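Just so we're aligned, residue 18 is where the sequence shown starts under the working numbering, counting upward by one. Yeah, the Cβ is synthetic: ideal placement off N, Cα and C, and Gly gets one too. Quick caveat, the model's predicted, so the values are computed rather than measured.
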Amino acid sequence: MTRLKFAQGRWRGSAVLVGLREGLLAALPAVLTVTLLLLATQPAYRSLISSGNGWTPYAYQALAHDVQAYEISRLRRDLTPAQVAFTGQMALSSAIAPAQFGALAEVERLGEARLSRVAALLRQDTLVSLSQASREAVALNAQAAEYARGVAGRYVRQLARLQRILIVTAILTGLLSMLLTARALIMWRAERHRRTRRETRQREALQFASHELRRPLQSLLLASDLLRHAESPERQQYLLAMIEDSAAQLASRADLTRLSTLYLDVTLRVEATDVRTVLRPLASARVSVALPDVPAIWEIDRDRVRQIMENLVENALTYTRGPVEVRLRVSQTSLEITVRDHGPGLPADQLESVFLPFERGPHGQQDGHGLGLPLVRRYARAHGGDVTLAPAVGGGLVATVRLGEPPSSLAEPRRPTLFE
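Put into structure tokens, the structure is as follows:
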């Protein structure tokens with residue numbers, strides 16, 4: 018229960034992280050757009066703010082006009098002295114008020130004209146000084162006009178830069194949106210592929226389970242029917258043992274919680290076993306079993322090896338009407354079991370293809386699904402061995418099962434079943 022709660026907690030935490038990641042990715046285009054726009058507009062904004070706070074050259078134009086007006090008034094004979102003095106006072110008041118001249122320092126750096134010089138010449142109040150003051154004011158106005166053109170140029174450049182960045186932002190946002198859309202499509206297709214693959218594996222596991230449940234079910238039904246007509250206690254005990262064995266095999270092969278480890282990603286439950294005890298029950302009227310006299314102890318999964326042998330013997334009985342011979346050989350490094358029949362055999366090009374799911378030999382006398390041999394090979398390889406088919410001397414086919422040492426990654430401790 019603690020592990021389950023821990024797993025559920027980890028799953029919820031993972032789901033939250035995945036949701037957070039996908040939400041951040043979905044918001045990324047908007048965040049990128051806002052960030053780029055802020056970065057793009059800041060230089061233009063600073064340029065507008067730092068360029069005179071709404072600066073215009075009107076003060077410089079007014080100064081030039083006032084100085085020229087005073088110079089002209091001094092030359093006119095129709096004006097009274099008071100009118101001339103008023104005009105001079107207007108010009109001088111403009112020249113001695115530098116605060117009204119925006120960006121004065123920047124303007125004066127563009128030429129030789131200076132506002133202080135205009136004021137000084139106006140204070141001299143002579144015709145010569147007025148003429149010089151007029152030329153100085155006009156020159157200062159020209160410098161202001163040049164500065165205005167520079168400011169306007171900076172505005173234009175900032176706006177052009179802003180336009181370029183907006184275009185780049187739109188392109189980047191569009192590309193990022195396309196990439197996120199493509200990513201979503203790829204993730205959707207990958208999830209659909211995983212779901213399809215998972216469903217395919219589930220169907221495959223169920224097909225293998227259905228194939229392997231058939232024999233113990235048939236044995237169980239046969240023993241149950243014979244038990245109704247058993248006359249002696251010995252016969253009844255034999256049939257009851259047969260029923261128990263069939264029920265144990267059903268439990269071993271139909272564990273819905275282990276279908277994947279039973280039939281797909283095979284995980285074994287190994288234990289030291291005398292392999293002779295697995296092979297002896299195969300003997301029948303048509304099946305002879307040759308076993309060594311000494312115990313053949315080997316680390317195997319008893320139930321899976323039994324399924325290997327049942328499939329091979331059943332195939333041999335299916336494809337021939339003659340006898341079937343089972344032989345066990347044991348060495349220090351491997352264990353070898355052969356199943357030989359006296360039937361028509363298989364063409365050389367089918368000795369490997371029959372190990373593929375749903376592939377069957379050409380001479381089957383009964384219907385089947387072609388799942389027995391693929392499962393046999395999976396179980397044999399899980400035991401560190403393999404199974405091969407070869408033509409037998411004198412006709413027929415020999416199936417050879419070699420079992421080695423199961424890899425530790427494919428083995429787990431054996432657990433007793435309900436019927437053990």
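| Item | Value |
| --- | --- |
| DSSP beta-bridge partners of I317 | E288 |
| For T417, three-class secondary structure by DSSP | strand |
| Cβ-based burial, S133 [other Cβ within 10 Å; buried from 16] | exposed |
| Nearest-angstrom Cα separation, counted from D358 out to V415 | 7 angstroms |
| Rounded separation between Q324 and V393 - CA only | 7 angstroms |
| Under 8 angstroms between C-beta atoms of G360 and G339 | yes |
| Option in G401, L373, V356 with minimal Cα separation from P408 | V356 |
| As assigned by DSSP and simplified to three states, the class of L189 | helix |
| Cβ shell of L299 (< 7 angstroms), same chain only, five flanking positions each side left out | V306, M326, V330, V343 |
| Among L96, W205, E316, A199, nearest to V287 - alpha-carbon criterion | E316 |
| Cβ contact (3+ pairs, closer than 8 angstroms) linking the segment 71–87 and the segment 115–126 | yes |
| Residue closest to R152, alpha-carbon to alpha-carbon, out of V48, Y396, D83 | D83 |
| Residue span of the beta strand (DSSP E) that contains L345, given as start and end | 341–347 |
| Outcome for T217 when other beta-carbon atoms lying within 10 angstroms are tallied against a minimum of 16 | exposed |
| Helix, strand or coil at I354 [DSSP, three-state] | strand |
| Chain-order list of residues whose beta-carbon lies under 8 angstroms from that of L197 (same chain, five-residue window excluded) | L42, A43, L45, P46 |
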